[in-house]
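Trainee:
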Amino acid sequence: MHLSTILSDHKTMYRAGKTMTHTYRIHQLQKLKDMLNRNEKRIYQAIKKDLGKSDYEILMTELGVLYSELDHVIRNLKEWMRTERVKTPTTHKGAKSYIYKQPYGTVLIISPWNYPLNLSITPLIGAIAGGNTAFLKPSEFTPNTSELLAEMIADNFEEKYITVIQGGKEISQELLELEFDYIFFTGSQKVGQIVMEKASKHLIPVTLELGGKSPVIIDEDAKIPLAAKRIAWGKLLNAGQTCIAPDYALVHESVKDEFIKALKNELSSFYGEQPMEHPDYTQLIHDNHLDRLAKLLEGENVIFGGEVNRDNRKMNPTLIDEPSWERPIMQEEIFGPILPIRSFSHLEKVVDEIEHSRNPLALYYFSENEQKQQWVVNNVSFGGGSINDTIMHIGTSHLPFGGIGASGIGAYHGYESFRTFTHRKSVLKQTTAFDLSFRYPNSKFGEQIMKKLFKK
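So this is what it looks like as structure tokens:
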């Protein structure tokens, strides 16, 4: 069936009003949760085939967060859907003001390969909660997970309600030519620009979840052993193929040597002396990605790791000492198990460092000083982040997740997902019991009354 025909079927279903009720949405969300539950074994197998992820990583970063998100949305959806009564000014005497939560209609979700289940289903939860029908385009680089997603969705949902479209770049381009009511994209900045350009032709609203170079700052008063452990974990999760992974480290010069020593110890402790042989150490997605990372190391001062194994598409955890901002490794998001380390002398200087790749998706700051923590939060622009930790801010449904500027537009998770996929429609209900004549041009005392009202 042609894509435009499927889209037409979706729009027909949406206009019929079936998705508008709380009962229907809750039923679909529960079906989604049951679908994941019944297929857990197959999900583990598919993601493992695509990325070589361990069961521990799949549970923590793919399935576990989805169950938490679903429970949170199901528990709160009725409250979120309620029409809001808001205040009405005295200039509108007799009127009442309301905000209605209106679905957009039929939405397109384009998901990436690095967390192929999580980053497909999490926005879908928001689309369902908001009362939309949805097209889901998973990544062609994780074929086993994408195929399983297509099969599970087809077995559990009407095609005119949720449709999974598989394929490569050409299919994505074809989808972007269609007149969806909303587009939700997760991926690179380069492709995000294309999505936004295509959407602009039909004035389609978008959410763009992109990336960038997310810094981790280690100040002189940080608890170095704990900081090293949490940074090593955040960097090696999914072999660094995480949009909010620490991309580079800014370390106070007084603790740099101590930090590097502690970090080397932690990197070695996670996957042993031969990480590339460890079954729980995630693979890189494809050969081209491995080649790109290997090329970034050329000419750099590698102080730890740097080896690659092309047979199993893995790279050892790698540390780079003091690369300049002119080097390729500091010009683009790394998206792999490489951590460049630069030093600073005064905290104020980190703002200049981060300005080289401004508005990162995430920022992490390690310090015991609450005043300095607040200074960083107030003075550095970033999408979201953690103090004295990495990655963990993405794991709560109570915090919106999204970027700013080059790292993205819009946010989701929990209530923010519901807001993303609904339009807040303002409605003023005016009384007909009386009429305020002063607003009309022929009113005798209209100007005097308005002056009193507006100049109180």
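In UniProt numbering, the protein residues as written are 1 to 456. Note that beta-carbon positions come from the ideal geometry of N, C-alpha and C, so glycine has one too. Here the structure is a predicted model, which means the values were calculated and not measured.
Using CA coordinates, which residue listed in Ile260, Ala232, Ser268, Thr422 is at the minimum distance from Ser343?
Mentor: Checked all of Ile260, Ala232, Ser268, Thr422; the closest Cα to Ser343 is Ile260.
Trainee: Determine the extent of the alpha helix (DSSP H) in which Val107 is found, giving its start and end residues.
Mentor: Here Val107 belongs to no alpha helix (DSSP H); instead the beta strand (DSSP E) covers 106-110.
Trainee: Could you tell me which residues DSSP puts in a beta bridge with Asp321?
Mentor: Paired residue(s): Ile341.
Trainee: What would DSSP say about Ala134, mapped onto helix, strand or coil?
Mentor: Here Ala134 sits in strand by DSSP.
Trainee: Grab the span of the beta strand (DSSP E) containing Glu69 for me, first residue to last.
Mentor: Premise fails: Glu69 lies in the alpha helix (DSSP H), 64-81, not in any beta strand (DSSP E).
Trainee: For His252, report the span of its beta strand (DSSP E) as first-last.
Mentor: Element bounds for His252: 248-252.
Trainee: Taking the runs of the alpha helix (DSSP H) that are 4 residues or longer, which of them lie wholly in the stretch 376-432?
Mentor: The qualifying runs are 415-420.
Trainee: Three Cβ pairs or more, each shorter than 8 Å: is that satisfied between the stretch 166-177 and the stretch 135-143?
Mentor: The answer is yes - the stretch 135-143 touches the stretch 166-177, with three or more Cβ pairs under 8 Å.
Trainee: Unbroken beta strand (DSSP E) runs of length 3 or more, entirely within the stretch 163-205: which are they?
Mentor: Segments of the beta strand (DSSP E) lying fully in the stretch 163-205: 182-186.
Trainee: Please list, in chain order, all residues of the same chain as Ser4 whose beta carbon is under 8 Å from its beta carbon, the five residues on each side excluded.
Mentor: Closer than 8 Å at Cβ, skipping near neighbours: Leu178.
Trainee: Suppose contacts are defined by Cβ-Cβ distances below 8 Å. Is Pro360 in contact with Gly336 by that definition?
Mentor: No, the pair does not count as a contact, with Cβ atoms beyond the cut-off.
Trainee: Which term fits Arg15, buried or exposed, when burial requires 16 or more other beta carbons within 10 angstroms of its beta carbon?
Mentor: With fewer than 16 other Cβ atoms within 10 Å, it is exposed.
Trainee: For Gly402, count neighbouring C-beta atoms within 10 Å of its own C-beta (all shown protein chains included) and say buried if the count is 16 or more, exposed if not.
Mentor: Gly402 should be labelled buried.
Trainee: Would you decide whether Ala239 is buried or exposed? Buried here means 16 or more other CB atoms lie within 10 Å of its CB.
Mentor: Classification of Ala239: buried, given that the 10 Å Cβ count is 16 or more.
Trainee: Can you give the beta carbon distance from Tyr104 to Phe421, rounded, assuming they're within the 8 Å contact cut?
Mentor: At roughly 6 Å, the Cβ-Cβ gap stays under 8 Å, so Tyr104 and Phe421 are in contact.
Trainee: I believe Thr88 touches Lys96 by the beta-carbon criterion, under 8 Å. Please report the beta-carbon distance rounded to the nearest angstrom.
Mentor: With 8 Å as the limit, Thr88 and Lys96 qualify as a contact, their Cβ atoms being about 6 Å apart.
Trainee: At what residues does the alpha helix (DSSP H) containing Arg25 begin and finish?
Mentor: Where Arg25 is concerned, the enclosing alpha helix (DSSP H) stretches over 22-38.
Trainee: Give me, in chain order, the residues of the same chain whose beta-carbon lies closer than 7 Å to that of Glu62; leave out the 5 immediate sequence neighbours on both sides.
Mentor: Excluding positions up to five away in sequence, the list reads Ile47, Tyr115, Leu117, Asn118.
Trainee: Do Leu124 and Ala134 come within 8 Å of each other at the CB atom, strictly closer than that value?
Mentor: Going by C-beta atoms, Ala134 is nearer than 8 Å to Leu124.
Trainee: Tell me the rounded alpha-carbon separation between His202 and Ile194.
Mentor: Each residue's alpha carbon lies about 14 Å from the other.
Trainee: So if DSSP puts Ala362 in a beta bridge, which residue, or which two residues, is it bridged to?
Mentor: According to DSSP, Ala362 bridges with Gly384.
Trainee: Per DSSP, what kind of secondary structure is Ile58 in: helix, strand or coil?
Mentor: Residue state, collapsed to three classes: helix.
Trainee: Rounded to a whole number of angstroms, what is the C-alpha to C-alpha distance between Ile338 and Ser8?
Mentor: Going by the C-alpha atoms only, they are around 46 Å apart.
Trainee: Which residue from Glu298, Ser188, Leu363 puts its Cα closest to that of Gly408?
Mentor: Selected option, being the one with the closest Cα: Ser188.
Trainee: Just confirm the distance between the C-beta atoms of Met315 and Leu347, as a whole number of angstroms; I'd bet it's less than 8 Å.
Mentor: In fact, because the Cβ distance is near 32 Å, the residues do not count as touching under 8 Å.
Trainee: Rounding to the nearest angstrom, what Cα-Cα distance links Glu253 and Pro400 in this structure?
Mentor: Spanning the two alpha carbons is a distance of roughly 34 Å.
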